[in-house]
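Enquirer:
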Amino acid sequence: MGSYVIRRLLRTLLVMLGISVVVFAFVRAIPGDPATALLGERATPEAAAALREQLGLNKPWFINFGNPTNPLDAQYPRYVGQLLRGDLGSGLKSNIPVREELASRFPATAELSVAALLFALVVGLPAGIVAALRRNSFWDNAATTVSLVGVSMPVFWLGLLLSYFFAVQLGWLPPSARLGNEYSIEPITGFYVLDALLRGQPAAAWDAVRHLILPAVALGSIPLAIIARITRSSLLEVLGQDYVRTARAKGLAPRHVTIKHALRNALLPVVTVVGLQAGALLGGAVLTETIFSWPGLGSWVYEAISQRDYPVIQGGVIFAALVVSVVNLLVDLSYAALDPRIQYR
Amino acid sequence: MTTLSPPHTAARRPPSIFWRRFRRSAPGKVGAAIVAAFVLLALLAPVLVPYDPTTDRDYRLNLKPPSVAALWNPEVAETYRDPVTGEVNLWKAPLGTDNLGRSVATRVLHGAQLSLKVGVVSTVLALLVGTLLGILSGYFGGLLDTMTGYLSDVMLAFPSILLAIGFASIFSSDNPPFLVAALDRLFALNSPQLVTAMLAVSLVQVPVYLRLARSVVLSVREREFVQAAGALGASQGRMVFRHVLPNSLSPLIVQGALSIATATIEVAALGFLGIGAQPPLPEWGTMISDSRQYYVDAPWTMVFPGLAIFLTVLGFNLLGDGLRDVLDPRSTQ
Numbered sequence: 374m375g376s377y378v379i380r381r382l383l384r385t386l387l388v389m390l391g392i393s394v395v396v397f398a399f400v401r402a403i404p405g406d407p408a409t410a411l412l413g414e415r416a417t418p419e420a421a422a423a424l425r426e427q428l429g430l431n432k433p434w435f436i437n438f439g440n441p442t443n444p445l446d447a448q449y450p451r452y453v454g455q456l457l458r459g460d461l462g463s464g465l466k467s468n469i470p471v472r473e474e475l476a477s478r479f480p481a482t483a484e485l486s487v488a489a490l491l492f493a494l495v496v497g498l499p500a501g502i503v504a505a506l507r508r509n510s511f512w513d514n515a516a517t518t519v520s521l522v523g524v525s526m527p528v529f530w531l532g533l534l535l536s537y538f539f540a541v542q543l544g545w546l547p548p549s550a551r552l553g554n555e556y557s558i559e560p561i562t563g564f565y566v567l568d569a570l571l572r573g574q575p576a577a578a579w580d581a582v583r584h585l586i587l588p589a590v591a592l593g594s595i596p597l598a599i600i601a602r603i604t605r606s607s608l609l610e611v612l613g614q615d616y617v618r619t620a621r622a623k624g625l626a627p628r629h630v631t632i633k634h635a636l637r638n639a640l641l642p643v644v645t646v647v648g649l650q651a652g653a654l655l656g657g658a659v660l661t662e663t664i665f666s667w668p669g670l671g672s673w674v675y676e677a678i679s680q681r682d683y684p685v686i687q688g689g690v691i692f693a694a695l696v697v698s699v700v701n702l703l704v705d706l707s708y709a710a711l712d713p714r715i716q717y718r
Numbered sequence: 007m008t009t010l011s012p013p014h015t016a017a018r019r020p021p022s023i024f025w026r027r028f029r030r031s032a033p034g035k036v037g038a039a040i041v042a043a044f045v046l047l048a049l050l051a052p053v054l055v056p057y058d059p060t061t062d063r064d065y066r067l068n069l070k071p072p073s074v075a076a077l078w079n080p081e082v083a084e085t086y087r088d089p090v091t092g093e094v095n096l097w098k099a100p101l102g103t104d105n106l107g108r109s110v111a112t113r114v115l116h117g118a119q120l121s122l123k124v125g126v127v128s129t130v131l132a133l134l135v136g137t138l139l140g141i142l143s144g145y146f147g148g149l150l151d152t153m154t155g156y157l158s159d160v161m162l163a164f165p166s167i168l169l170a171i172g173f174a175s176i177f178s179s180d181n182p183p184f185l186v187a188a189l190d191r192l193f194a195l196n197s198p199q200l201v202t203a204m205l206a207v208s209l210v211q212v213p214v215y216l217r218l219a220r221s222v223v224l225s226v227r228e229r230e231f232v233q234a235a236g237a238l239g240a241s242q243g244r245m246v247f248r249h250v251l252p253n254s255l256s257p258l259i260v261q262g263a264l265s266i267a268t269a270t271i272e273v274a275a276l277g278f279l280g281i282g283a284q285p286p287l288p289e290w291g292t293m294i295s296d297s298r299q300y301y302v303d304a305p306w307t308m309v310f311p312g313l314a315i316f317l318t319v320l321g322f323n324l325l326g327d328g329l330r331d332v333l334d335p336r337s338t339q
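From first to last, the protein sequence lines are chains A and B.
Each residue of the first sequence is one higher than the one before, starting from 374 at the first, in my numbering.
Each residue of the second sequence is one higher than the one before, starting from 7 at the first, in my numbering.
Below, the structure written as structure tokens:
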């Protein structure tokens, strides 16, 4: 087990290194010069050159062959050095350190993703279980249809439809932002709902929940569909196994067999799938946050790409990839706790 | 003059196992019907309603509701009444008009062609590249396997839409690289940005096929008939392409149908974010993006392009499920 964890950790580190190279290369390959972007079209060539010098953009990418005493005096090694020190640079436009903005924006995306996943689990799990227990019934067909519709629905279209019906037409829920202007919450965790409750502001917490509902439903639609589908097929498979038949033959209560014997084993693939949704949720957040003006990671990185804000793109994308890698690592490691049959070598 | 019909030499063969199973699969039939309908519409669009997106403007008729609503709504009927003849043209803009007075129905119809082309081409490219790499690394293993495994680990760690955005924003549209320009000409898309988005979506799918093909090849490689071919002196190339590949195709075909669905959504998403197809091209995602300023008052500009995406994706998803029922009956997912 120990050596497996170490090997798995090393692999995650290697993948992170690869991610940093890919992001670095991508960002440098985006057309357009950040010096011109910063100074405007009419900047003198001298001023642009001075700014490039200051930002280190005049150095070679990977290895500085012109400087034999210090061949690592190049953009990428410098960048990795900064990364390891936790220094992600500052946004070219805003001049706010990327780390600070990341710290304020990630909780917004995390709150949205957690809410979306909760919605997906609360609806998807029971739907999948009922579908498997009442196979080929009306409920099974309904659950299968809903999950098919869920995976086929473009997130951005669903988001716009929800916002049109529930915010514009019915006026039940707010169409954008995390919180109404009349409230302000002193952050503790960065999760507004939680913070408002901790600060004893139930009205603000309710307002935050209301703002959360539409984007969370839009973002949670695909995970919901996938969770319902996997739960159904996995439970069907387990219910057909010999030990379940034996348990029934011994005269155990059907409910007991379903919950204690079948469900526990059936949920293992569901855990994997939930873990794999981390990447999908972060990706979907780019679209959902754009529609609902949610001040999170996705909308931030998207704006940065259109403005060629190198440090923000690098910091944001590397951070997103780090989150995905860490979640995948945790999912892999959690198997042993959930399923004693799995042995790591 | 008499013509000779070709003689019926062979009796009609009974339908193959594939068709017999496929006909029993309800999702497969529905999916095939939807996909066939969209392919037909896409092919017939230029004949039914010739369309040039660059000249289509009618500012008198902007943001008007669907003209079929004239049947029950006198106000709408007034909008679409011909001032000269006094007749109401129900089919002027059956799904309403957008901010430039263009018929949403016409644009959705012409978007079908773009969407199907882009979805199919990006999937086929990913399938070819990913499968080839996957087969080679699964069959030969070693350094190649380690390298491709590592690269796909790295690629799969990115949220795919971010990777696609990054890739799509690399190429400048004024001066597209040769590959992009060539594909643009080949598929007559007239939009280097759309081709770049297509390639980006394709690239993101490559690791999926790589892993799938690799895992299938690893199991097929050990089967007796492959070993028998090796023992009979078949060359490596013959072993891979005559024995291993044809027996590994089923899961790849199923995945292919499913990932046309994913590709369609992702290309539309890139268009929605303003990175894929650019206006005035009638690409569905771009149309929804255009409608964002107007959909509060004119929801039809957003609803119908989205419905088209949804139905196409639904069709390919159902078709994929049906193919899985047929080709891979043991799998229950």
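Note that the Cβ used here is the ideal one computed from N, Cα and C, for glycine as well.
Just list the residues that DSSP pairs serine 109 of chain B with in beta bridges.
Expert: For the purposes of this step, residue 109 of chain B is identified with residue 103 of the second sequence, where counting begins at 1. DSSP lists B:Thr103 as partners of serine 109 of chain B.
Enquirer: So what's arginine 87 of chain B in DSSP terms, helix, strand or just coil?
Expert: Indexing the second sequence from 1 puts residue 87 of chain B at position 81. Note: arginine 87 of chain B maps to strand in three-state DSSP.
Enquirer: Can you tell me whether serine 463 of chain A is helix, strand or coil according to DSSP?
Expert: The residue given as residue 463 of chain A occupies position 90 in the first sequence. Serine 463 of chain A falls in the strand class under three-state DSSP.
Enquirer: With a threshold of 16 other CB atoms inside 10 Å of the CB of lysine 633 of chain A, please say whether the residue is buried or exposed.
Expert: Looking up residue 633 of chain A in the first sequence gives position 260. Label assigned to lysine 633 of chain A: exposed.
Enquirer: Is the shortest distance between the beta-carbon of tyrosine 300 of chain B and the beta-carbons of chain A less than 9 Å?
Expert: Within the second sequence, residue 300 of chain B is the residue found at index 294, counting from 1. So, not an interface residue.
Enquirer: Do serine 158 of chain B and valine 124 of chain B have their C-beta atoms within less than 9 Å of each other?
Expert: On the second sequence, position 152 is the one that residue 158 of chain B refers to. On the second sequence, position 118 is the one that residue 124 of chain B refers to. Going by C-beta atoms, serine 158 of chain B is not nearer than 9 Å to valine 124 of chain B.
Enquirer: For the pair the stretch 596–606 of chain A and the stretch 481–497 of chain A, tell me if three or more CB-CB distances fall below 8 Å.
Expert: Touching, yes.
Enquirer: Using the three-state DSSP reduction, which class does valine 302 of chain B fall into: helix, strand or coil?
Expert: Taking the second sequence and counting its residues from 1, one reaches residue 302 of chain B at position 296. Valine 302 of chain B falls in the coil class under three-state DSSP.
Enquirer: Going by DSSP, what residue range makes up the alpha helix (DSSP H) through glutamine 574 of chain A?
Expert: Against the first sequence, residue 574 of chain A aligns to sequence position 201. Counting along the chain, glutamine 574 of chain A falls outside any alpha helix (DSSP H), and DSSP gives it neither H nor E.
Enquirer: Note down the Cα distance separating glutamine 542 of chain A from leucine 168 of chain B, rounded to an integer number of angstroms.
Expert: Taking the first sequence and counting its residues from 1, one reaches residue 542 of chain A at position 169. Taking the second sequence and counting its residues from 1, one reaches residue 168 of chain B at position 162. Roughly 32 Å between the two C-alpha positions.
Enquirer: What's the call for asparagine 323 of chain B, buried or exposed, on a 16-neighbour Cβ count within 10 Å?
Expert: Counted from its first residue, the second sequence places residue 323 of chain B at position 317. Under this definition asparagine 323 of chain B is a buried residue.
Enquirer: Apart from the five residues on each side of it in sequence, which residues of its chain come closer than 8 Å, Cβ to Cβ, to valine 260 of chain B?
Expert: Here residue 260 of chain B corresponds to residue number 254 of the second sequence, with the count starting at 1. Cβ neighbours of valine 260 of chain B beyond the five flanking positions: Gly326, Leu329, Arg330, Leu333, Asp334.
Enquirer: Between the stretch 611–630 of chain A and the stretch 470–482 of chain A, do at least 3 Cβ pairs fall closer than 8 Å?
Expert: The answer is no - the stretch 470–482 of chain A does not touch the stretch 611–630 of chain A, with fewer than three Cβ pairs under 8 Å.
Enquirer: Is it the case that the stretch 638–658 of chain A contacts the stretch 554–564 of chain A, given that we only count it when at least three CB pairs across the two stretches are under 8 Å?
Expert: No, because fewer than three Cβ pairs between the stretch 554–564 of chain A and the stretch 638–658 of chain A fall closer than 8 Å, the two stretches do not touch.
Enquirer: Within 10 Å of its beta-carbon, does tryptophan 434 of chain A have 16 or more other beta-carbons around it, so buried, or fewer, so exposed?
Expert: Looking up residue 434 of chain A in the first sequence gives position 61. Exposed.
Enquirer: List, in order along the chain, the chain B residues whose C-beta lies closer than 8 Å to that of phenylalanine 399 of chain A?
Expert: On the first sequence, position 26 is the one that residue 399 of chain A refers to. Correct list: Gly172, Phe173, Ile176.
Enquirer: What residues in the stretch 678–711 of chain A bring their beta carbon closer than 7 Å to a beta carbon of chain B?
Expert: Here the close residues are Ile678, Val690, Ala693, Ala694, Val697, Ser698.
Enquirer: For proline 470 of chain A, name the three-state secondary structure that DSSP assigns.
Expert: Within the first sequence, numbered from 1, the residue matching residue 470 of chain A stands at position 97. Correct three-state label for proline 470 of chain A: strand.
Enquirer: Within the chosen definition, does the stretch 114–129 of chain B reach the stretch 40–54 of chain B through at least 3 CB pairs nearer than 8 Å?
Expert: Contact between the stretch 114–129 of chain B and the stretch 40–54 of chain B is present, because at least three Cβ pairs lie under 8 Å.
Enquirer: If we count Cβ pairs, one from each stretch, closer than 8 Å, do we get three or more for the stretch 200–212 of chain B versus the stretch 274–281 of chain B?
Expert: Yes, since at least three Cβ pairs between the stretch 200–212 of chain B and the stretch 274–281 of chain B fall closer than 8 Å, the two stretches touch.
Enquirer: Got a sec? Which residues, its chain only, sit under 8 Å from serine 463 of chain A by beta carbon, not counting five neighbours each side?
Expert: To locate residue 463 of chain A, count along the first sequence from 1; it is residue 90. Here the set comprises Ile469, Pro470, Val471, Pro684.
Enquirer: Which runs of the alpha helix (DSSP H) at least 4 residues long sit entirely within the stretch 506–570 of chain A? Give them in chain order.
Expert: The qualifying runs are 511–525, 528–535.
Enquirer: Since valine 94 of chain B sits in a beta bridge, which residues does DSSP pair it with?
Expert: Here residue 94 of chain B is taken as the residue at index 88 of the second sequence, counted from 1. Partner(s): B:Arg87.
Enquirer: Just mark asparagine 514 of chain A as buried or exposed, buried being the case when its beta carbon has 16 or more other beta carbons within 10 Å.
Expert: The sequence position of residue 514 of chain A within the first sequence is 141, counting from 1. By the 10 Å Cβ count, asparagine 514 of chain A comes out exposed.
Enquirer: According to the Cβ coordinates, are alanine 635 of chain A and alanine 504 of chain A closer than 9 Å?
Expert: What you label residue 635 of chain A is simply residue 262 of the first sequence in a count that begins at 1. What you label residue 504 of chain A is simply residue 131 of the first sequence in a count that begins at 1. No, Cβ-Cβ distance for alanine 635 of chain A and alanine 504 of chain A is not below 9 Å.
Enquirer: Quick one: list the residues of chain A neighbouring proline 326 of chain B, beta-carbon separation under 7 Å, in chain order.
Expert: To locate residue 326 of chain B, count along the second sequence from 1; it is residue 320. With the sequence shown as reference, residue 326 of chain B is identified as glycine, and proline is not the correct amino acid for it. Chain A residues near glycine 326 of chain B: none, gap ~10 Å exceeds 7 Å.
Enquirer: Figure out for me which residue from A:Leu703, A:Asn701, A:Ile678 has the closest Cα to the Cα of alanine 4 of chain B.
Expert: Examination of residue 4 of chain B is not possible in this model, given that chain B is present from 7 through 339 alone.
Enquirer: Pick helix, strand or coil for threonine 338 of chain B, following the three-state DSSP scheme.
Expert: As a position in the second sequence, residue 338 of chain B is number 332, starting the count at 1. Because threonine 338 of chain B carries a pLDDT of 42, less than 50, the predicted location of this residue cannot be relied on, and no value is offered for it.
Enquirer: Just to confirm the assignment: which complete alpha helix (DSSP H) runs, minimum length 4, are found wholly within the stretch 605–660 of chain A?
Expert: Fully enclosed alpha helix (DSSP H) runs of 4 or longer: 615–622.
Enquirer: Report the neighbours of phenylalanine 479 of chain A on chain B: residues whose CB is nearer than 8 Å to its CB, in chain order.
Expert: For the purposes of this step, residue 479 of chain A is taken as residue 106 along the first sequence, with counting starting at 1. Result: empty, since nearest Cβ-Cβ is about 14 Å, beyond 8 Å.
Enquirer: Taking arginine 381 of chain A and aspartate 712 of chain A to be in contact with their CB atoms under 8 Å, please state how far apart those CB atoms are, rounded to whole angstroms.
Expert: What you label residue 381 of chain A is simply residue 8 of the first sequence in a count that begins at 1. What you label residue 712 of chain A is simply residue 339 of the first sequence in a count that begins at 1. No, arginine 381 of chain A and aspartate 712 of chain A are not in contact; Cβ-Cβ is about 16 Å, not under 8 Å.
Enquirer: Taking only the alpha-carbon atoms, compute the straight-line gap between phenylalanine 538 of chain A and glycine 544 of chain A and give it to the nearest angstrom.
Expert: The residue you call residue 538 of chain A lines up with position 165 of the first sequence. The residue you call residue 544 of chain A lines up with position 171 of the first sequence. Between phenylalanine 538 of chain A and glycine 544 of chain A, the C-alpha separation is close to 8 Å.
Enquirer: Flag valine 659 of chain A as yes if its beta-carbon sits less than 9 Å from any beta-carbon of chain C, otherwise no.
Expert: Protein chains A and B are contained in the structure displayed, whereas chain C is not.
Enquirer: If you drop the 5 nearest sequence neighbours on each side, which residues of the same chain put their C-beta closer than 6 Å to that of alanine 314 of chain B?
Expert: If you number the second sequence from 1, residue 314 of chain B lands on position 308. The answer, listed in chain order, is Val114, Trp290.
Enquirer: Using the three-state DSSP reduction, which class does proline 499 of chain A fall into: helix, strand or coil?
Expert: For the purposes of this step, residue 499 of chain A is taken as residue 126 along the first sequence, with counting starting at 1. Helix at proline 499 of chain A.
Enquirer: Compute the distance between the beta-carbons of alanine 620 of chain A and phenylalanine 564 of chain A, then report whether it is under 9 Å.
Expert: Against the first sequence, residue 620 of chain A aligns to sequence position 247. Against the first sequence, residue 564 of chain A aligns to sequence position 191. No. Outside cutoff.
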